[in-house]
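Numbers 1 to 272, taken from the working numbering, label the letters of the sequence shown in order. Each residue gets a CB set at the ideal place from its N, CA and C atoms; glycine is no exception. The model shown is predicted, which means the values in this text are computed figures rather than measured ones.
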Amino acid sequence: MTTLGVEDATTYARWFECLADPTRVRVLHAVATAPDGLTVGALAEEVGIGQSTCSHHVAKLAEVGFVRRSPRGTATVVTVNDACCTGLPHAADVVMGTLATQPCCTTIVPDNVTVRPMRARDFSAVRRIYGAGIETGDATFDTTVPPREVLEERWLPGHRWVAELDGRVAGWSALAAASSRECYRGVAETSVYVDAAARGGGIGTALLRRTVEAADHGGLWTLQTAIFPENKASLALHRRAGFRTVGVRDRIGRLGDRWRDTVFMERRRPTD
């Protein structure tokens with residue numbers, strides 16, 4: 001049994017204490033769901049409180065790092081600290097001792113979605129969807145789509161899937177070996193990409209479900225992934241599939257001229 005350390009417990013207690021006020025929880029929610037942040041005035045109006053009260057709650061949230069404040073002309077804009085979007089759920093998991101593997105994706109897959117093994121003729125669509133993901137700037141450190149030959153070598157045979165929506169390739173998933181060392185032969189890294197026009201329709205869930213099930217039956221004991229904190233949809237998708245947050249790797253790599261953090265997540269096969 002692992003005992004929660006005093007330092008972590010103190011940090012988490014400060015976080016939970018900050019959220020003990022219902023109005024403050026509403027303020028944080030409003031900021032977290034505003035892609036470009038909100039001015040204090042707009043935030044006060046959104047939550048239905050006075051501007052001075054709103055400023056007080058924002059200051060408390062900023063003290064523990066949940067939000068950031070920056071000037072925009074004569075106003076102050078409040079934005080969410082993306083690292084906390086994963087750090088806070090991770091803290092709750094640690095405190096409640098629920099870091100063990102969770103069941104995979106219980107969401108029912110839509111009837112018009114079919115997941116099947118990737119074939120040679122799919123690579124044109126796969127690379128197109130990959131390219132669209134790259135263009136978002138929040139999917140991968142890749143800046144160009146790798147050639148088919150590179151992808152063929154990178155991905156594990158038997159662990160490459162496409163999802164068809166009404167007969168058209170709308171997404172794909174694949175596993176790559178995490179290491180060439182023998183001791184890590186059962187560890188693989190996930191990739192899941194969905195066509196922009198098909199997002200929100202269960203494609204990602206269907207793909208990751210098949211990926212996890214095939215891995216569990218195919219001798220792989222750990223699946224892992226590194227996701228940009230800004231990619232909330234991917235974080236949520238992997239959590240639903242039983243992945244847990246291991247940690248946030250600060251400034252782990254550069255994308256263009258910008259240092260980026262990644263959230264490192266993993267899922268262990270239940271039988272292990």
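- Counting only unbroken stretches of 4 or more residues, the alpha helix (DSSP H) elements lying wholly within the segment 110 to 176 are 123 to 136 and 148 to 154, in sequence order.
- Excluding its 5 nearest sequence neighbours in each direction, A198 has C-beta neighbours in its own chain below 6 Å: L165 and A170, listed in chain order.
- With a minimum length of 4 residues, the unbroken runs of alpha helix (DSSP H) contained wholly in the segment 13 to 92 fall at 22 to 32, 40 to 47 and 51 to 63.
- Three or more beta-carbon pairs separated by less than 8 Å are not found between the segment 233 to 249 and the segment 147 to 161, which leaves the two stretches without contact.
- Scanning its chain for C-beta atoms nearer than 7 Å, with the 5 sequence neighbours on each side dropped, one finds around K60 the residues C18 and R24, in chain order.
- When the five nearest sequence neighbours on each side are left out, no beta carbon in the same chain lies closer than 7 Å to the beta carbon of G5.
- Residue pairing of G247 in beta bridges, as defined by DSSP: F264.
- Looking at the DSSP output, I252 bridges to nothing.
- Restricted to the segment 182 to 245, the beta strand (DSSP E) segments that are unbroken, complete and at least 3 residues in length are 187 to 194 and 222 to 227, listed in chain order.
- Annotation: A226 to Q51 spans about 39 Å, alpha carbon to alpha carbon.
- Closest in C-alpha terms to Y12, from the list F66, A233 and G158, comes F66.
- The beta carbon of V145 is closer than 7 Å to those of R127, Y130, G131 and I134 in its chain, skipping five residues each way along the sequence.
- Counting C-beta atoms within 10 angstroms of its own C-beta, R119 has fewer than 16 neighbours from the protein chains shown and is therefore classed as exposed.
- Taking T79 as the centre and dropping the five residues before and after it, the same chain places the C-beta of G37 and R68 closer than 6 Å to its C-beta, in chain order.
- Remark: three or more beta-carbon pairs, one from each stretch, lie closer than 8 Å, so the segment 265 to 272 and the segment 214 to 233 are flagged as touching.
- Sequence-distant partners of A30 (beyond 5 residues in either direction) whose C-beta falls short of 7 Å from its own C-beta, in its chain, are L38, L43, E46 and V47.
- In the DSSP assignment, the residues bridged to R258 are L255.
- Under the three-state reduction of DSSP, T3 is assigned to coil, being neither helix nor strand.
- It is roughly 7 Å from the alpha-carbon of V192 to the alpha-carbon of L208.
- The beta carbon of V187 sits closer than 6 Å to those of A178 and T222, all from its chain and outside the five residues before and after it, given in chain order.
- C-alpha of V248 to C-alpha of T76: approximately 27 Å in a straight line.
- Distance from G204 to L237 at the Cβ level is roughly 5 Å; contact confirmed, criterion being Cβ atoms closer than 8 Å.
- Cβ neighbours of V27 within its own chain (closer than 6 Å, five residues either side excluded): V47 and H57.
- Closest by C-alpha distance to R116, out of F228, T262 and G167, is G167.
- Comparing alpha carbon positions, the residue from R267, D261 and V194 closest to N81 is D261.
- A Cβ-Cβ contact shorter than 7 Å links V246 with F264.
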